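Structure, as structure tokens:
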Amino acid sequence: MADLEIHPLQRQDEADVVELMRLALYGRDFPDLPGYWRWKHYDNPFGESFGLVARAGDQIVAVRAFMNWHLCGGGRLLRVGRAVDMAVHPEWRRRGVFERMTLALLEPMTAEGLVLTFNTPNAMSLAGYLKMGWAHPGRLPLRVKIRRPLRTTVRVGRTLLTRVIGGGVSQGGGGQALQGNVDNSRVLRLLRDPAVVELVQRAREAQLVAISPRSTAFRLRTALGQEYLEWHYGKNRWYPYAATYEAQGPAAALVIGRLRQRAGLVELLLTEVVTCPGRRGRALVARAAARLARETRADYLVTSALGGTPGALRGYIPVGRRGVDVTVRLLESTLTVDPSTWAGWAAGIGDFELF
Ligand SMILES: CC(C)(COP(=O)(O)OP(=O)(O)OC[C@H]1O[C@@H](n2cnc3c(N)ncnc32)[C@H](O)[C@@H]1OP(=O)(O)O)[C@@H](O)C(=O)NCCC(=O)NCCS
557 MADLEIHPLQ
567 RQDEADVVEL
577 MRLALYGRDF
587 PDLPGYWRWK
597 HYDNPFGESF
607 GLVARAGDQI
617 VAVRAFMNWH
627 LCGGGRLLRV
637 GRAVDMAVHP
647 EWRRRGVFER
657 MTLALLEPMT
667 AEGLVLTFNT
677 PNAMSLAGYL
687 KMGWAHPGRL
697 PLRVKIRRPL
707 RTTVRVGRTL
717 LTRVIGGGVS
727 QGGGGQALQG
737 NVDNSRVLRL
747 LRDPAVVELV
757 QRAREAQLVA
767 ISPRSTAFRL
777 RTALGQEYLE
787 WHYGKNRWYP
797 YAATYEAQGP
807 AAALVIGRLR
817 QRAGLVELLL
827 TEVVTCPGRR
837 GRALVARAAA
847 RLARETRADY
857 LVTSALGGTP
867 GALRGYIPVG
877 RRGVDVTVRL
887 LESTLTVDPS
897 TWAGWAAGIG
907 DFELF
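Residues in the sequence shown are numbered from 557 upward in steps of one, following our numbering.
See below:
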């Protein structure tokens with residue numbers, strides 16, 4: 557390690573860093589990786605990422621990035637980090653580079669007021685995060701609703717389906733080639749509809765009111781916001797989304813889902829559910845999800861079992877912890893909500909997908 561120099565990540569490093577990411581993590585086929593890198597680290601409405609690169613001579617041999625993210629929890633808006641994109645050149649592995657670069661970024665993030673950092677490790681990095689003492693809520697619990705039981709059973713059988721569900725929920729297309737030119741402009745148009753804008757604004761305000769620690773709204777989830785939703789779902793060129801909106805009187809619901817082909821079936825992952833507190837809103841969520849499933853011809857729907865809208869989950873069967881693996885590191889000790897177990901979270905699939 558004596559001959560490694562560690563520097564802040566700069567825009568002029570982009571081409572070398574993207575090549576390293578391609579070599580170490582994404583592979584040759586990842587479409588428009590420079591665009592994906594910029595979308596994640598520069599266009600993110602929560603702010604530009606924190607990053608470090610390690611150089612050996614004039615070659616970049618490791619990169620570490622944390623995205624800026626906002627969570628709501630305990631009636632507070634929390635600035636947090638999201639550990640993503642860690643890659644070490646194969647010739648430099650198992651010499652503590654990952655550990656050193658990750659720990660080096662915790663101090664500047666704490667100094668900037670970030671209260672925790674979370675991430676979705678893969679099998680290689682999980683052991684490293686645990687070694688550094690990160691808490692481990694584990695894999696995200698999921699619920700599933702089978703829409704077309706006969707077709708589904710004929711295609712894969714019940715046992716196989718439970719093995720298929722949830723696999724790779726976070727990353728890439730989940731067994732499907734990513735395209736890099738996905739057109740999510742219909743989702744973007746819906747998100748810009750004045751009625752949807754108003755719903756998002758109301759839901760955002762509801763996230764921030766002081767609430768009882770026993771309420772689901774007390775628990776952690778991504779802070780809703782117009783810019784965030786447009787960026788994540790509408791301007792995303794790598795993942796195909798569909799969205800729908802239902803309203804009745806003052807109640808309204810927005811549901812966004814990601815489509816994947818798995819084992820010959822169409823899976824609809826409910827990534828985002830936006831509604832306002834109240835029974836009518838929850839009933840509308842159920843209606844919107846059913847409409848989205850019909851329109852996309854989904855065979856089954858998958859949702860987070862932590863979801864903040866339990867009334868909408870009627871008919872969804874718990875399938876256990878089959879989603880992404882999540883680890884967490886606290887940076888501030890005054891949090892009133894405990895992120896180290898799932899009891900502290902009310903997050904949806906969208907809070908952990910990507911990256
Ligand atoms: C995962 C990766 C970043 C680790 O980098 P590294 O610099 O070799 O890791 P470190 O030397 O700091 O290892 C720290 C700890 O992580 C764990 N670890 C690292 N690589 C591991 C591996 N291949 N298998 C199991 N555990 C591993 C170990 O606990 C290790 O401690 P130890 O060496 O005392 O046993 C590197 O292998 C890599 O770039 N892989 C490809 C890209 C990738 O998968 N990135 C993670 C995306 S989530």
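All residues carry an ideal CB built from backbone N, CA and C; glycine is no exception. This one's a predicted model, so the numbers in the text were calculated from it and none came from an experiment.
Per DSSP, Val619 is paired with what? Val609, Ala643
Is it buried or exposed for Arg878, if we count other Cβ within 10 angstroms and need 16 for buried? buried
State buried or exposed for Tyr784, treating a residue as buried only when at least 16 other CB atoms are found within 10 Å of its CB. buried
Test item: CB-CB of Leu747 and Glu786 under 7 angstroms: yes
Range covered by the alpha helix (DSSP H) that runs through Val765: Here Val765 belongs to no alpha helix (DSSP H), and DSSP marks it neither H nor E.
Does DSSP put Ala902 in a helix, in a strand, or in coil? coil
Arg770 versus Gly630 - alpha carbon distance: 10 angstroms
Under a three-way DSSP split, which group does Ser896 fall into? The answer is coil: DSSP assigns Ser896 none of H, G, I, E or B.
Starting from the Cα of Met680, find the closest Cα among Leu659, Asp641, Leu661 and give me that residue. Distances from the alpha-carbon of Met680 to those of Leu659, Asp641, Leu661 put Asp641 closest.
Name the one or two DSSP bridge partners that Trp625 has. Val636
How would you label Thr892, buried or exposed, when you count the other beta carbons within 10 angstroms and need 16 or more for buried? Thr892 comes out exposed.
What residue does the beta strand (DSSP E) around Phe654 start on, and which one ends it? From DSSP, Phe654 is part of no beta strand (DSSP E) but of the alpha helix (DSSP H) over 653-667.
Check whether Ala903 and Arg777 have beta carbons under 7 angstroms apart: Remark: C-beta atoms of Ala903 and Arg777 approach each other more closely than 7 angstroms.
Segments assigned alpha helix (DSSP H), at least 4 residues, entirely inside the segment 754-796: Within the segment 754-796, the complete alpha helix (DSSP H) runs of at least 4 residues are 782-785.
Whole beta strand (DSSP E) runs in the segment 844-880 with 3 or more residues, listed along the chain? 856-860
Given Arg695, which residues of its chain have a CB within under 6 angstroms of its CB, disregarding the five upstream and five downstream residues? Arg877, Gly879, Asp881
For Arg836, the three-state DSSP class (helix, strand or coil): helix
Take Gly729 and list the residues in its own chain whose beta-carbon comes closer than 6 angstroms to its own, dropping the five residues that flank it on each side. Residue placement at Gly729 is poorly supported in this model, since its pLDDT is 38, which falls under 50; the coordinates are not used for a value here.
Cβ shell of Lys687 (< 8 angstroms), same chain only, five flanking positions each side left out: Around Lys687: Glu655.
Would you say Ser681 touches ligand 1, meaning its beta carbon is less than 6 angstroms from a heavy atom? Checking every heavy atom of ligand 1 against the Cβ of Ser681, one is found closer than 6 angstroms.
Take His940 as the anchor and find which of Trp625, Trp595, Thr658 has the nearest alpha-carbon. Because the chain is modelled from 557 through 911, residue 940 falls outside the range shown and cannot be assessed.
Note down the Cα distance separating Ser726 from Ala580, rounded to an integer number of angstroms. Caution applies to Ser726, whose pLDDT of 42 falls short of 50 and renders its modelled position unreliable; the value that the coordinates give is listed next. Rounded to whole angstroms, Ser726 to Ala580 spans 18 angstroms at the Cα level.
Around the Cβ of Ala799, are there at least 16 other Cβ atoms within 10 angstroms (buried) or fewer (exposed)? buried
Closer than 6 angstroms: Arg650 CB and nearest ligand 1 heavy atom: yes
Is the number of C-beta pairs between the segment 697-707 and the segment 853-860 that are closer than 8 angstroms three or more? yes
Just mark Arg638 as buried or exposed, buried being the case when its beta carbon has 16 or more other beta carbons within 10 Å. buried
Is Gln804 helix, strand or coil when you go by DSSP? strand
So for Arg578, helix, strand or coil by DSSP? helix
Name the DSSP bridge partner or partners of Arg703? The partner list for Arg703 (beta bridge, DSSP) is empty, contrary to what the question assumes.
Is Gly684 a contact residue of ligand 1, with contact defined as CB to any heavy atom under 6 angstroms? It does: the Cβ of Gly684 is within 6 angstroms (strictly closer) of some heavy atom of ligand 1.
Could you tell me which residues DSSP pairs with Glu958 in its beta bridges? Beyond the ends of the chain as shown, which are 557 and 911, falls residue 958; an answer cannot be given.
With distances taken Cα to Cα, identify the nearest neighbour of Trp593 among Asp572, Arg611, Ala610, Gly613. Asp572
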